[in-house]
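So the structure is just underneath, and the comments pick up after that.
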Amino acid sequence: MSLPRTAALGGSLALVAALALTACGAAPENAATTPDGKNAATAASAADFGGMDALVKAAKKEGALHAIALPRDWANYGALIDGFQQKYGIKVEVENPDASSQDEVNAVTSRKGQDRAPDVLDLGSSFALSAAQQGLLAPYKVAAWNDIPEGQKDPKARWYNDYGGYVSIGCDAKRVKNCPATFKDLLKPEYKGQVALNGNPTKSGSAFGGVYAAALAQGGSFDDIQPGLDFFAALKKNGNYTPVESTPATVEKGETPISIDWDYLNAGYAQEFKAKGLDWKVAVPTDGRYAMYYSQAINKDAPHPAAARLWQEYLYSAEGQNLWLKGFARPVLMPAMDKAGTLDAQAALKLPAVSGIPSFPTEAQQAKAKTVLAQGWGKAVSG
Numbered sequence: 011m012s013l014p015r016t017a018a019l020g021g022s023l024a025l026v027a028a029l030a031l032t033a034c035g036a037a038p039e040n041a042a043t044t045p046d047g048k049n050a051a052t053a054a055s056a057a058d059f060g061g062m063d064a065l066v067k068a069a070k071k072e073g074a075l076h077a078i079a080l081p082r083d084w085a086n087y088g089a090l091i092d093g094f095q096q097k098y099g100i101k102v103e104v105e106n107p108d109a110s111s112q113d114e115v116n117a118v119t120s121r122k123g124q125d126r127a128p129d130v131l132d133l134g135s136s137f138a139l140s141a142a143q144q145g146l147l148a149p150y151k152v153a154a155w156n157d158i159p160e161g162q163k164d165p166k167a168r169w170y171n172d173y174g175g176y177v178s179i180g181c182d183a184k185r186v187k188n189c190p191a192t193f194k195d196l197l198k199p200e201y202k203g204q205v206a207l208n209g210n211p212t213k214s215g216s217a218f219g220g221v222y223a224a225a226l227a228q229g230g231s232f233d234d235i236q237p238g239l240d241f242f243a244a245l246k247k248n249g250n251y252t253p254v255e256s257t258p259a260t261v262e263k264g265e266t267p268i269s270i271d272w273d274y275l276n277a278g279y280a281q282e283f284k285a286k287g288l289d290w291k292v293a294v295p296t297d298g299r300y301a302m303y304y305s306q307a308i309n310k311d312a313p314h315p316a317a318a319r320l321w322q323e324y325l326y327s328a329e330g331q332n333l334w335l336k337g338f339a340r341p342v343l344m345p346a347m348d349k350a351g352t353l354d355a356q357a358a359l360k361l362p363a364v365s366g367i368p369s370f371p372t373e374a375q376q377a378k379a380k381t382v383l384a385q386g387w388g389k390a391v392s393g
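Under this note's numbering, read the sequence shown as residues 11 to 393, first letter to last.
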């Protein structure tokens, strides 16, 4: 699904942003190699390169990692970046933190052969699929490969899910007497003018997720998002829906006291708002459970191929996965780590409560849902 940070679901290219990021200069001609001739750019695992020690040595020699679209306040990426730099002494350079997944792919294609190309990518799943199909990604199996659940990784190891969460309902308990816990609750007249999404679902990934979750709550399915449109049309008709796009600033001002967003963002806001005197409650609606994960990938032509692979190893280590967990995101290795006893139990307890195993729409189902949304969203909430 097209779910980048500021995410355009319809594939908004943002070419201006991508071109602005493009720098001149050729990529290094010789990728990191071992004394016996093993090349980091073609290594499909750490073992394939001679082991972790050899990979660390080569990555340190490269000395840098280029990334794009990684906001420090998104799922605790700031701590991940700092942790990697401190552990390995490798400088992580993040350009355009608020870029979209399409911007990331644009940067890969427009900077091919340049030393400013991104080494690694954090993509919405549909972008990871399309980038793999275009031959842009390097196959690489992290040490924890076998612990990544089937269905959450490419069989050829060109991408694999990293972290995710569920659509949730955030509520300012000081302004809202009875905080809603389900989509059915949101239809109650007491919430007039209070229910917001954090964007336009034809452009915003989390807002798209909100409509999909509403569809599931109203008897729809991954094949049928129309009930979600009908739900928001009903919210608009009874006056509960507000077109103001929810942000931390609008919450603080009281403009969006009820916000439908990813649980890891709403949970993060709860921690942030507490210091400002707000009581932000978070609930994952039981009648519309919808989950989404982002995907990691390595640029096939990464200018720092050893550092790119070491970054993946760090992200999929217990340390890296627990840092995402501390950012209220659910790391893909969470079940395996829980079983192995390496999960940060205290951080896990802070996650919004949810039960069951998440399921995900296929690429075809997502594409169909996007088309229905593009055609019907304006009509559903107009007037």
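Glycine included, C-beta positions come from ideal geometry on N, C-alpha and C. If you're wondering where the values come from, they're calculated on a predicted model, not measured in any experiment.
{"Asked": "Pick out whichever of L75, G174, P45 and A42 has its Cα sitting closest to the Cα of Q322.", "Found": "L75"}
{"Asked": "Check I179 in the structure and name its three-state DSSP category.", "Found": "strand"}
{"Asked": "Does the segment 176-196 touch the segment 266-275, meaning 3 or more C-beta pairs lie closer than 8 Å?", "Found": "yes"}
{"Asked": "From P159 to S136, what does the alpha carbon distance come to, in whole angstroms?", "Found": "18 Å"}
{"Asked": "State the start and end residues of the unbroken beta strand (DSSP E) segment that holds E105.", "Found": "K101 to E105"}
{"Asked": "Does the distance from the C-beta atom of L90 to that of S111 stay below 7 Å?", "Found": "no"}
{"Asked": "By the 10 Å Cβ neighbour count, where 16 or more other Cβ atoms means buried, how is P253 classified, buried or exposed?", "Found": "exposed"}
{"Asked": "In its own chain, which residues sit with a C-beta less than 8 Å from the C-beta of W290, not counting the 5 before and 5 after it?", "Found": "G180, C181, D182, A183, V261, N276, Y279, A280, F283 and K284"}
{"Asked": "Smallest Cα separation from S4: which of I308, S365, Y87 and A243?", "Found": "Residue 4 is absent from the model: the chain starts at 11 and stops at 393."}
{"Asked": "Under DSSP, the beta strand (DSSP E) around D132 begins and ends at which residues?", "Found": "V130 to L133"}
{"Asked": "At what residue ranges does the segment 222-300 contain a whole run of the alpha helix (DSSP H), taking only runs of 4 or more?", "Found": "236-247, 258-262 and 273-284"}
{"Asked": "Return yes when the Cβ of I235 is within less than 7 Å of the Cβ of A5, no when it is not.", "Found": "Lying before the first or after the last residue shown, residue 5 is absent from the chain, which here runs from 11 to 393."}
{"Asked": "Closer than 6 Å by C-beta to R82: which residues in its own chain qualify, once you throw out the five before and the five after it? Chain order, please.", "Found": "G88"}
{"Asked": "What residues in its chain sit with their C-beta under 6 Å from that of L239, if we drop five residues either side in the sequence?", "Found": "G386 and A390"}
{"Asked": "Counting C-beta neighbours from all protein chains within 10 Å, is the total for A206 16 or more, i.e. buried, or is it exposed?", "Found": "buried"}
{"Asked": "Report the rounded CA-to-CA distance for Y304 versus Y173, giving the unit in angstroms.", "Found": "6 Å"}
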